[in-house]
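Novice: Here's a structure for you.
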Ligand SMILES: *Cc1c(COP(=O)(O)O)cnc(C)c1O
């Protein structure tokens, strides 16, 4: 039998480093937020080439907060891939908004940009793209649709830390990007963790 995602084995080679880090936190007496989180926010922002990153409890909270920040009218529509993880949809529903499911491109399993425009109605406010399985969506096509219809773009980067499209990092295309550090993700924490990244100016792919 091959065990599925044995995190003990996965993390084993780093146990000594983790123990040193745990001890630092234990000795510091500061167990929520504090300098360690601030340091990570800064390092991750530098890595993402962005100005602002804010650590949050998990990826769902990051998605939730990005939608809450826009304060869209209740019942507004958000376009989202039909084959995403449930948290993406939950963040839309929890904000009183309507998820509009768009099918993926079978060659990439990411949202099919060719099917987005026909899903847009006068109620559409945003496209929530999800870069599944470490593969970034076709952001040039998606950004040009968003621009044409004046829609916000939120990136669900729970599965795409460090992944690039045409040389540009995932998370740097939209108005907001939500990251998850759930233990099994590409960048996994030892517990629940997430982060919200805000773009100050949109970096359009040339
Ligand atoms: C894991 C995941 C989330 C939610 O992240 P949590 O940290 O578990 O809340 C959201 N979207 C996608 C695509 C995910 O894979």
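Residue numbers (the working numbering): 1226 to 1431. Glycine included, each C-beta is placed from N, C-alpha and C at the ideal position. Note that the structure is a prediction, hence the values are computed from the model and not measured.
(1) Terminal residues of the continuous beta strand (DSSP E) containing residue 1279?
(2) Do residue 1351 and residue 1391 have their C-beta atoms within less than 7 Å of each other?
(3) With 7 Å set as the bound, which would you pick, yes or no: does the beta-carbon of residue 1330 sit closer than that to a beta-carbon of chain B?
(4) By DSSP's criteria, residue 1302 is part of a beta bridge. Which residues make up the other side?
(5) Roughly how many whole angstroms lie between the Cα atoms of residue 1318 and residue 1294?
(6) For residue 1295, does the three-state DSSP call read helix, strand or coil?
(7) How many angstroms separate the CA atom of residue 1286 from the CA atom of residue 1269?
(8) Is residue 1246 helix, strand or coil by DSSP?
(9) Measure the alpha-carbon distance for residue 1240 versus residue 1249 and round it to whole angstroms.
(10) Should residue 1349 be labelled buried (16 or more other beta-carbon atoms within 10 Å of its own) or exposed?
(11) In or out: residue 1324 buried (at least 16 other Cβ within 10 Å) or exposed?
(12) Going by C-alpha to C-alpha distance, which of 1408, 1338, 1422 and 1421 sits closest to residue 1235?
(13) Quick check on the DSSP output: the beta strand (DSSP E) that includes residue 1449 runs from which residue to which?
(14) Can you tell which of 1365, 1283 and 1274 has its C-alpha closest to the C-alpha of residue 1415?
(15) Hey, would you say the C-beta of residue 1335 is under 6 Å away from at least one heavy atom of ligand 1?
(16) May I ask whether a heavy atom of ligand 1 can be found less than 6 Å away from the beta carbon of residue 1340?
Specialist: Looking at the coordinates:
(1) Looking at the DSSP string, the run of the beta strand (DSSP E) that includes residue 1279 is 1277 to 1281.
(2) Contact flag unset, no.
(3) Absent from the structure: chain B. Only one protein chain is present.
(4) The partner list for residue 1302 (beta bridge, DSSP) reads 1323 and 1349.
(5) Put simply, the backbone Cα of residue 1318 is about 15 Å away from that of residue 1294.
(6) Residue 1295 falls in the helix class under three-state DSSP.
(7) So the two alpha carbons sit approximately 18 Å from each other.
(8) Residue 1246 falls in the helix class under three-state DSSP.
(9) Cα to Cα, residue 1240 sits roughly 14 Å from residue 1249.
(10) It is buried - the Cβ of residue 1349 has at least 16 other Cβ atoms within 10 Å.
(11) Under this definition residue 1324 is a buried residue.
(12) Distance from the Cα of residue 1235 is smallest, within the candidate group 1408, 1338, 1422 and 1421, for 1408.
(13) With the chain covering 1226 to 1431 only, the question about residue 1449 has no answer from this structure.
(14) The residue with the shortest Cα to Cα distance from residue 1415 is 1283.
(15) Checking the Cβ of residue 1335 against ligand 1 gives no.
(16) Checking every heavy atom of ligand 1 against the Cβ of residue 1340, none is found closer than 6 Å.
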